[in-house]
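J.: One structure, pasted below without further comment.
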Amino acid sequence: MTNTILIKNSTILNPNVNDCERYIASVLIKDDLIAEIGDNISEDNVDKVIDGEGKILMPGLINTHTHLSMTLFRGFADDYSLDTWLNDYIFPIEAHLNEYFCYIGALLGAVELIKSGTTTFSDMYFFMEDVAKAVDEAGIRGVLSYGMIDFGIEEKRNEEITKFLELYKNCNDAADGRIKVFLGPHSPYIASKELLVKCKELADELNTGIHIHVGETQKEVEDVLEQTGKRPFEYLDDIGLLGPNVVAAHAVWLSEEEINIIMDKDVKISHNPCSNMKLASGVSPVADMLNHDICVSIGTDGASSNNNLDLIEEMKTASLLQKVSTLDPRALSSEETLAMATINGARALGLEDEIGSIEVGKKADLILVDTDAANMTPDSTCISSNIVYAANGSNVDTTICNGKILMENRKLTTLDEESIFKKAREAIVDLKALKEQSE
């Protein structure tokens with residue numbers, strides 16, 4: 003039996019399409035797909051009608067780099083450099099993670115994603131089958147990568163590969179096709195050459211992607227230079243890892259040669275401005291990369307280094323950071339930024355034929371943003387301007403993923419947020435207690 007939803011008379015905002023025009027229309031959803039876009043779609047035999055008047059209808063946002071279960075570490079280790087943050091705080095407490103902690107953390111993250119308009123996220127972390135369980139329950143779309151770290155130890159490397167293969171077997175195309183599985187070698191400085199090469203082989207064999215941190219800090223560049231004699235992207239290119247199926251998170255410290263490598267190999271970049279600023283990592287040359295026709299998307303990173311998952315806030319930060327760093331107010335316009343959070347995100351994840359824009363035949367991953375709010379009044383001449391520069395996640399009224407309503411009128415339909423908040427608060431107390439007992 004076909005399930006139908008009609009969204010009536012909303013202002014439609016598509017990335018780089020009609021950004022500065024008032025395009026008011028209705029959208030008909032049949033099951034998981036956008037079936038029709040037009041002015042006079044009949045309400046006859048429609049199961050659900052949503053009045054979109056006074057609201058902006060846009061593609062669901064796509065967060066291309068996060069660590070969802072790290073919501074449990076929100077505020078846990080603020081105001082440190084990446085190296086100190088990781089080695090002195092995050093790695094020690096992560097040693098005590100288990101399936102339950104990662105499941106609850108992922109559910110908490112899913113609540114935040116849904117309520118701020120993100121319908122798809124790309125995750126790299128641990129106990130990913132339990133994260134997949136949370137994704138299934140929440141109704142969102144997830145590209146999941148098990149974070150692979152071997153420190154050059156063969157036994158550890160074999161364990162990491164086995165865990166990836168189990169995740170791929172059990173979860174790829176799960177949750178009605180909403181879950182995809184990528185390989186997740188952590189970075190070129192704590193994943194060995196042998197592991198990286200094996201990841202490339204498996205990605206090609208399974209026709210899947212690779213999600214990796216690259217060029218996040220000056221120290222990383224120095225460490226990789228010392229270990230390999232090459233800068234991070236030069237090294238990864240030299241060993242054959244790079245290609246159009248690679249999503250490189252951060253890409254802050256880049257040489258001109260590395261930018262050319264990224265362009266030539268069609269590597270996709272996930273820009274994480276808030277995390278990069280908070281950890282004092284630096285400013286990624288996003289405007290320069292876009293000028294080289296590189297596909298740059300947006301990620302929040304984890305809630306421990308951001309400290310939220312609001313991609314609308316992330317868009318504003320991304321745009322303003324490029325303007326102030328280049329001293330060019332035209333750098334990274336609202337239209338370009340919106341594209342980074344939607345269609346560029348879809349391209350980065352290999353999903354551009356399914357999501358990222360409002361088109362007939364694409365998946366019904368859509369959000370409605372309410373303009374009846376002080377920060378959204380008056381209407382901007384350019385629709386994307388109010389979304390990027392004025393809005394935040396609390397302006398999202400309705401979130402739909404795969405044709406299913408996950409939130410309507412700010413009320414979640416798939417998750418019990420109060421119960422999740424309670425369990426998450428208990429979980430971090432228990433996790434800290436385990437860490438203290440081991441010291």
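Under the numbering used here, residue 441 is the last one in the sequence shown; the count climbs by one each step, no gaps. Ideal Cβ positions, reconstructed from N, Cα and C, are used throughout, including at glycine. Only a predicted model underlies this, so the values are computations on that prediction, with no experimental measurement involved.
Which ranges does the beta strand (DSSP E) cover as unbroken runs of at least 3 residues, wholly within the segment 35–102, from first to last along the chain?
T.: DSSP runs (the beta strand (DSSP E)) wholly in the segment 35–102: 35–40, 50–53, 57–61 and 63–68.
J.: Taking the CB atoms as reference points, tell me whether L30 and I43 lie closer together than 7 Å.
T.: Yes, the pair counts as a contact, with Cβ atoms nearer than the cut-off.
J.: Any idea what DSSP makes of R159, helix, strand or coil?
T.: Helix at R159.
J.: In terms of alpha-carbon separation, which member of I116, M60 and N11 lies closest to T415?
T.: Residue I116 is the option with its Cα nearest to T415.
J.: Determine whether the beta carbon atoms of D355 and D372 lie at a separation below 7 Å.
T.: No, Cβ-Cβ distance for D355 and D372 is not below 7 Å.
J.: Do you know offhand how far A350's Cα is from V298's?
T.: Their Cα atoms are separated by approximately 8 Å.
J.: In angstroms with no decimal places, state the Cα-to-Cα distance between N278 and V285.
T.: About 7 Å.
J.: Going by DSSP, which residues form a beta bridge with M150?
T.: Partner(s): P187.
J.: Measure the C-alpha to C-alpha separation of N160 and L169 and round it to an integer number of angstroms.
T.: Using only the alpha carbons, I get a separation of about 14 Å.
J.: List the DSSP bridge partners of Y127.
T.: DSSP, once it has assigned bridges, lists Y148 as partnering Y127.
J.: Going by the CB atoms, is the gap between L313 and L63 shorter than 7 Å?
T.: Yes, the Cβ-Cβ distance between L63 and L313 is below 7 Å.
J.: For V431, count neighbouring C-beta atoms within 10 Å of its own C-beta (all shown protein chains included) and say buried if the count is 16 or more, exposed if not.
T.: Exposed, by the Cβ-count rule.
J.: Looking at the ligand PLP, does it come within less than 6 Å of K437, judged from the CB to the closest heavy atom?
T.: Annotation note on the ligand PLP: not contained in the displayed structure, which lists no ligands.
J.: Quick one: what does DSSP say N174 is sitting in, helix, strand or coil?
T.: N174: coil per DSSP, three-state reduction.
J.: Would you list the one or two residues that DSSP bridges to S28?
T.: Looking at the DSSP assignment, S28 forms a beta bridge with G40.
J.: Is M3 helix, strand or coil when you go by DSSP?
T.: Coil, per DSSP.
J.: Could you spell out the range, first to last residue, of the beta strand (DSSP E) harbouring P403?
T.: As written in the sequence, residue 403 is Cys, which differs from the Pro given in the question. Here the beta strand (DSSP E) through C403 covers V398 to C403.
J.: On the three-state DSSP scale, how would you describe D303?
T.: D303 falls in the coil class under three-state DSSP.
J.: Between which two residues does the alpha helix (DSSP H) harbouring S327 extend?
T.: L313 to T328 is the span of the alpha helix (DSSP H), which, as asked, contains S327.
J.: Going by the DSSP bridge assignment, what does K10 pair with across the sheet?
T.: Paired residues: D53.
J.: Between which two residues does the alpha helix (DSSP H) containing A343 stretch?
T.: Per DSSP, A343 belongs to the alpha helix (DSSP H) from S336 to A343.
J.: Using a Cβ-Cβ distance cut-off of 7 Å, determine whether P287 contacts chain C.
T.: The structure shown contains no chain C; it holds only a single protein chain.
J.: Apply the 10 Å Cβ neighbour rule to I345 and answer buried if 16 or more other Cβ atoms are within range, or exposed otherwise.
T.: Buried, by the Cβ-count rule.
J.: Looking at the strands, I want to know which residues DSSP matches up with M409.
T.: Per DSSP, T401 and L414.
J.: Can you tell me which of the three DSSP states V248 falls into?
T.: Here V248 sits in strand by DSSP.
J.: Are the segment 403–419 and the segment 327–335 touching by the rule of at least three beta carbon pairs closer than 8 Å?
T.: Cβ pair count under 8 Å is below three, so no.
J.: Does DSSP classify V285 as helix, strand or coil?
T.: Looking at V285 - three-state DSSP - the assignment turns out to be coil, as it is neither helix nor strand.
J.: What residue range is occupied by the uninterrupted alpha helix (DSSP H) comprising I264?
T.: Element bounds for I264: E258 to D266.
J.: Beta-carbon within less than 7 Å of E410's beta-carbon, same chain only, minus the 5 sequence neighbours each way: which residues are those?
T.: Excluding sequence neighbours, E410 sits near T400.
J.: Assuming the contact rule is C-beta atoms closer than 8 Å, L74 and L433 should be a hit. Round their C-beta distance to whole Å, please.
T.: With 8 Å as the limit, L74 and L433 qualify as a contact, their Cβ atoms being about 7 Å apart.
J.: Thinking D225 and K232 are a contact (beta carbons under 8 Å), I'd like their distance in whole angstroms, please.
T.: About 12 Å separates the two Cβ atoms, so there is no contact after all.
J.: What residue range is occupied by the uninterrupted alpha helix (DSSP H) comprising V371?
T.: Segment L368 to D372 is the beta strand (DSSP E) holding V371; no alpha helix (DSSP H) there.
J.: State the beta-bridge partners of T219 as determined by DSSP.
T.: Partner(s): none; T219 has no beta bridge.
J.: Measuring CA to CA, which of V326, K318, A348 and K221 is closest to S336?
T.: Here the closest residue by C-alpha is K318.
J.: Could you give the first and the last residue of the continuous beta strand (DSSP E) run that contains I271?
T.: Where I271 is concerned, the enclosing beta strand (DSSP E) stretches over K270 to H273.
J.: Quick check: I36 and V362, are their CB atoms within less than 7 Å of each other?
T.: Result yes, Cβ atoms of I36 and V362 sit closer than 7 Å.
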